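Shown next, in structure tokens, is the structure this report addresses.
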Amino acid sequence: MKKPDELIANIDRSIFAKALVMSVIAHAALMGATSVSLFQDWMRYGFHSPSYINAEKTRERREAEETRRREATAEKAKSEAAEAEAKKAAPGQTDQAAPAAEPAKQTVAVEEAAAAEENEKKTPPEVEPLPPKKEFQYGDDLTLD
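Numbering follows the working numbering, in which position 31 of the sequence shown is assigned residue number 37; successive positions increment by one, without gaps.
Structure (structure tokens):
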């Protein structure tokens, strides 16, 4: 059994400084490891806040989606024009003015598709009105008594 004086012999040695340094190192390592994607975003977008970076990413995604939709619309208009041309070029066709009118129809179809896409963008979302305001009522189990 140890004497009480032996138990308190090393009490004057403090581990505060060592614990503080180890804590700072551990926190820096943990924050650095969990912030890799933020560092990558800073390399791409510059040193900005995460909200600014997320807004930029959202804008880029919208532009890419819009470009993809426009390309799909143009491809669809081209394929429809090609199908219409193939039908008109069938044997037995005697009208020579029809092929000349085909490019005009194609441009009209592309313009109509672009106009339809613009109309889709400008329509506001469906919003349901709020229910009418009700007077405050106590519940069945709640009284002022």
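Glycine included, every Cβ here is placed at the ideal spot set by N, Cα and C. Remember, it's a predicted structure, so these values are computed and weren't measured experimentally.
Terminal residues of the alpha helix (DSSP H) in which residue i lies
i, result
"Glu66", "56–94"
"Arg50", "42–51"
"Glu134", "That residue, Glu134, is in no alpha helix (DSSP H); it is neither H nor E in DSSP."
"Glu12", "10–13"
Cβ distance (whole Å) where residue i is taken to contact residue j below 8 Å
i, j, result
"Ala83", "Ala115", "4 Å"
"Ala119", "Thr79", "4 Å"
"Asp47", "Ile59", "5 Å"
Straight-line gap, residue i to residue j (C-alpha atoms, nearest Å)
i, j, result
"Ser29", "Ser20", "15 Å"
"Lys63", "Gln112", "35 Å"
"Lys139", "Asp146", "20 Å"
"Arg74", "Glu123", "12 Å"
"Met37", "Leu26", "16 Å"
"Ala87", "Ser57", "45 Å"
"Pro10", "Phe22", "24 Å"
"Phe53", "Phe45", "9 Å"
"Ser55", "Glu81", "39 Å"
"Thr40", "Leu136", "42 Å"
"Ala33", "Ala15", "The sequence shown places His at residue 33, not Ala. Roughly 32 Å between the two C-alpha positions."
"Arg65", "Glu72", "10 Å"
"Arg67", "Ala61", "10 Å"
"Arg76", "Ser85", "14 Å"
heavy atom of the ligand GDP below 7 Å from residue i C-beta
i, result
"Phe22", "Absent from the structure shown: the ligand GDP. Ligands present: none."
Cβ shell of residue i (< 7 Å), same chain only, five flanking positions each side left out
i, result
"Ile17", "none"
Same chain, Cβ closer than 6 Å to residue i, neighbours up to 5 away in sequence not counted
i, result
"Tyr51", "Ile59, Glu62"
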